[in-house]
Amino acid sequence: MRTEELKQWIETNQIHKKTIEGFWKSFNHYLIEEPKECRQMFGDFDKSKLEIKLDSYSLMVHSYRGEFVQMTLDMNYSDQYIGYYRMMFNFAGEAIDDFLVSEWKTWDIYRRISILEEIKNDIKNEELLQIIEMKIQETKKKF
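Residue numbers for the sequence shown follow my numbering, so the first one is 1 and each next one is one higher.
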């Protein structure tokens with residue numbers, strides 16, 4: 001399949017639309033199934049800060065999956081790259097697989113801040129609280 005044929009096939013089979021719909025289904029499922037992780041990553045999630053955009057599409061020939069077309073969407077949150085969503089299609093235009101991949105490099109920082117804040121809430125010693133608050137602020141500055 002040549003490039004122009006692939007572009008036409010994608011348009012005819014509404015692959016971009018199907019990929020966006022698949023993304024939202026997968027992402028909304030993620031928000032419901034992993035609320036703690038989502039709070040750590042996003043805080044109070046604001047859908048308006050999430051941007052998805054076409055990264056690529058390609059015809060793939062895979063050793064055990066055979067031939068298929070895949071489309072990849074990049075995900076940005078608050079103008080920061082956080083990962084991608086990929087959907088694969090057979091030549092009938094039907095989705096055969098998809099996956100959502102988080103690549104947010106700062107996730108570990110959010111996790112650490114969350115842990116420090118939980119510890120801070122459990123501690124009654126005022127001096128120790130000040131030290132922990134200072135560590136939280138230092139960690140946030142690294143981010």
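For glycine and all other residues, C-beta sits at the position ideal for the given N, C-alpha and C. Please read all numbers here as calculations on a predicted model, not as lab measurements.
- Taken in chain order, the complete beta strand (DSSP E) segments of 3 or more residues contained in the region 27 to 103 are 50 to 62, 66 to 77, 80 to 89 and 95 to 102.
- With contacts defined by Cβ atoms closer than 7 Å, M88 and G22 do not form a contacting pair.
- Going by C-alpha positions, K142 is about 21 Å away from F45.
- With a threshold of 16 other beta carbon atoms within 10 Å, L128 falls short and is exposed.
- For I123, the three-state secondary structure derived from DSSP is coil.
- The region 11 to 18 makes contact with the region 76 to 95; the number of CB pairs closer than 8 Å reaches 3 or more.
- Closest option to E117, judged by alpha-carbon separation, among Q40, N28, I20 and L50: Q40.
- A buried status is given to T19, since no fewer than 16 other beta-carbon atoms sit within 10 Å of its beta-carbon.
- Counting only the Cα atoms, I131 lies some 47 Å from S56.
- The Cβ atoms of I82 and W104 sit closer than 7 Å to each other.
- The beta carbons of I113 and T139 sit closer together than 7 Å.
- DSSP, reduced to helix, strand and coil, places M134 within a helical segment of the structure shown.
- Going by beta carbons, L50 and Y77 fall inside the 7 Å limit.
- Excluding residues up to 5 positions away in sequence, W9 and L59 lie with their Cβ nearer than 8 Å to the Cβ of M1 in the same chain.
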